[in-house]
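Student: Heads up, the sequence shown is in the UniProt record's numbering, so the first residue is 1 and it goes up one at a time.
Glycine included, C-beta positions come from ideal geometry on N, C-alpha and C.
These numbers come from a predicted model, not from an experiment.
Below you'll find the structure I mean.
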Amino acid sequence: MMNISKALLLALLMPTSLVITDVHATSAEDGIKVSGIVRVNYAYKDYDEASKDKLGDFTFDMAAIKFDGKLGDWGLASEYRFLDGWNMLRYGYGFYDVNPQWQLQLGVTQVPFGNPGFISNSFWFGVPYYLGFEDDYDLGVKAAYSSGAWNTEMAFFKNAEYAASNNQRYATDLYSGVVNGTEYFNEETNQLNLRQMYEITYAGGQTRLGGSVEFGQIYNSNTGNNGDRYAIALHMESSYNDWNLQLQVMQYEYDAADAVDNNKVAVSVYNYQYEIAAKAQAYSVNIAKTLNTGWGSIKLYNDFGMVTPDVDDDSYDTSYQNVTGVALAAGPTYTMIDFILGKNMYASTRDNSHVGLPEMGDSWDKRVNINFGYYF
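Pasting the structure below:
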């Protein structure tokens, strides 16, 4: 198990100005802006008989309210979502602009890890999301520095945004409870993040190169002991004219204290819980092209991801996900049409409610998802 006590102590003793998502652009006028989203969703699963019999399902996805703005050097950013029968906070934090280069954030803010923003183009996210490493939000303090081509983000998160036993969350975190007959007592605590980016600009586009590291503890609420966890990633996003390329490679490990099975841990997101390999590598290769029209824009994309388990149990299998899609932006609307191929992947395949565990079956499963959103 890793010893991160010294690293945590150093982080707590660091000057406040050194402890910080990208520095948000702010409007010239002070004030809080209220906005919102309403979305509906169509889903068709080729591997589900009920879905095939009904030719898919058309459902309410979510509604959201957002508050964003500044009063002087102080600001607020938050988004709260309402779904079918439950609701959750995506993010909510206050920030202070120390100077044009530094911004401090306090609250439920985005974890600076991996490609800034998303490592995906689709509604379905990339494989890092299902592992807890894409568009993740936790409770803590963050500092962001931006000057010229350099962007640095550092953060300390005390814990996840919700209790570990609560699966009604936007971002994937460790879960405490029973999953597939195994009882877990894991909680995220004392997490350090660092992301360093460098931007290269050229005629027709730009390339952002970066690296991310994450260290944290895993508290066992049953025994009172602490385990450790870490993740590292190298990532690149490059654009040229209307083309965009995202590449990322990462490795993570959850070393939970007093684990019943050291090969796996439980996580939860979007009102569900499942298991993932405790140690693995994840790879993402995404390409997109945007076409501008008189009524808006069309983005064509393909997102490919795979997770290769790196545990002691040789029966654990690789998980794959490929999403081919198109996003249509017209006025206040944004529509994503995705064709999803999955193999041994949570949410994408039949009877495989996990990532990186032994596969049930040996097939590529297919589904279609269409999400329509109105933004106001």
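Does the distance from the C-beta atom of M306 to that of S319 stay below 8 Å?
Tutor: Taking the first residue of the sequence shown as 1, we reach residue 306 at position 306. Taking the first residue of the sequence shown as 1, we reach residue 319 at position 319. Cβ atoms of M306 and S319: closer than 8 Å.
Student: Distance, Cα to Cα, Q101 vs N115?
Tutor: By one-based count along the sequence shown, residue 101 stands at place 101. By one-based count along the sequence shown, residue 115 stands at place 115. Whole-angstrom Cα-Cα distance: 20 Å.
Student: Out of Q246, Y198 and A231, which one is the CA nearest neighbour of Q191?
Tutor: What you label residue 191 is simply residue 191 of the sequence shown in a count that begins at 1. Ranked by Cα distance from Q191, the first of Q246, Y198 and A231 is A231.
Student: Buried or exposed, going by whether 16 or more other CB atoms sit within 10 Å of the CB of Y202?
Tutor: Your numbering for residue 202 matches position 202 in the sequence shown. Result: exposed.
Student: Can you look up Y130 in the DSSP assignment and give me helix, strand or coil?
Tutor: Within the sequence shown, numbered from 1, the residue matching residue 130 stands at position 130. If DSSP states are grouped into helix, strand and coil, Y130 belongs with the helices.
Student: Touch check for the stretch 139-146 and the stretch 154-173: three-plus C-beta pairs under 8 Å?
Tutor: At 8 Å Cβ cutoff, the stretches touch.
Student: Given this structure, state the Cα-to-Cα distance separating G342 from G94, to the nearest angstrom.
Tutor: In the sequence shown, residue 342 corresponds to position 342, counting from 1. In the sequence shown, residue 94 corresponds to position 94, counting from 1. Roughly 39 Å separates the two Cα atoms.
Student: I'd like the span of the beta strand (DSSP E) that includes S51, first residue to last.
Tutor: Within the sequence shown, numbered from 1, the residue matching residue 51 stands at position 51. Segment E49 to K54 is the alpha helix (DSSP H) holding S51; no beta strand (DSSP E) there.
Student: Is it the case that the Cβ atoms of A50 and R367 are separated by a distance below 8 Å?
Tutor: As a working note, residue 50 is residue 50 in the sequence shown. As a working note, residue 367 is residue 367 in the sequence shown. Cβ atoms of A50 and R367: not closer than 8 Å.
Student: Just the C-alpha distance for N226 and N220, rounded to the nearest angstrom, thanks.
Tutor: Numbered from its first residue, the sequence shown carries residue 226 at position 226. Numbered from its first residue, the sequence shown carries residue 220 at position 220. Approximately 6 Å, taken between the alpha carbons.
Student: Looking at the unbroken beta strand (DSSP E) that takes in A282, where does it start and where does it end?
Tutor: Position 282 of the sequence shown, counting from 1, holds the residue named residue 282. Segment K279 to N292, the beta strand (DSSP E) holding A282.
Student: What are the boundary residues of the beta strand (DSSP E) that F58 is part of?
Tutor: The residue you call residue 58 lines up with position 58 of the sequence shown. Start and end: D57 to L71.
Student: Starting from L245, trace the beta strand (DSSP E) both ways and give me its first and last residue.
Tutor: Working through the sequence shown from its first residue, we reach residue 245 at position 245. Counting along the chain, the beta strand (DSSP E) containing L245 begins and ends at W243 to D255.
Student: Check the C-beta distance from D317 over to P358 and give it rounded, since I have them as a contact under 8 Å.
Tutor: Position 317 of the sequence shown, counted from the first residue, corresponds to residue 317. Position 358 of the sequence shown, counted from the first residue, corresponds to residue 358. Contact holds; Cβ gap of about 6 Å.
Student: Could you check if N151 is buried or exposed, using at least 16 other CB atoms within 10 Å of its CB as the buried criterion?
Tutor: By 1-based counting over the sequence shown, the position of residue 151 is 151. When all chains shown are included, N151 counts as buried.
Student: How many whole angstroms separate the CB atoms of G69 and I37, which I take to be in contact at a CB cut-off of 8 Å?
Tutor: The residue given as residue 69 occupies position 69 in the sequence shown. The residue given as residue 37 occupies position 37 in the sequence shown. That pair is no contact at about 17 Å.
Student: So what does DSSP say about W74, is it helix, strand or coil?
Tutor: Position 74 of the sequence shown, counted from the start, is the residue given in the question as residue 74. W74: strand per DSSP, three-state reduction.
Student: For A183, list the residues DSSP reports as bridge partners.
Tutor: Locating residue 183 in the sequence shown gives position 183, counting from the first residue. Looking at the sequence provided, one finds Glu at residue 183 rather than Ala. BP columns for E183 point to V178.
Student: Return the Cβ separation of K299 and V326 in integer angstroms, given the expectation that the two are a contact with Cβ distance under 8 Å.
Tutor: Here residue 299 is taken as the residue at index 299 of the sequence shown, counted from 1. Here residue 326 is taken as the residue at index 326 of the sequence shown, counted from 1. Going by Cβ atoms, the distance from K299 to V326 rounds to 7 Å, so yes, they are a contact pair.
Student: With DSSP collapsed to three states, give me the class of P309.
Tutor: On the sequence shown, position 309 is the one that residue 309 refers to. If DSSP states are grouped into helix, strand and coil, P309 belongs with the strands.
Student: Check the DSSP bridge columns for A330 and list the partner residues they point to.
Tutor: Here residue 330 refers to the residue found at position 330 when the sequence shown is read from its first residue. Looking at the DSSP assignment, A330 forms a beta bridge with T333.
Student: My output table needs one value for N166: the three-state DSSP class, helix, strand or coil.
Tutor: In the sequence shown, counting from the first residue as 1, residue 166 sits at position 166. Three-state DSSP puts N166 in coil, outside helix and strand.
Student: Starting from W124, trace the beta strand (DSSP E) both ways and give me its first and last residue.
Tutor: Start at 1 with the first residue of the sequence shown, and residue 124 comes out as number 124. Where W124 is concerned, there is no enclosing beta strand (DSSP E), given that its DSSP letter is neither H nor E.
Student: Can you list, in chain order, the residues of its chain with a C-beta nearer than 6 Å to that of W364? Leave out the 5 residues immediately preceding and following it.
Tutor: Taking the first residue of the sequence shown as 1, we reach residue 364 at position 364. These residues qualify, in order along the chain: L341 and K343.
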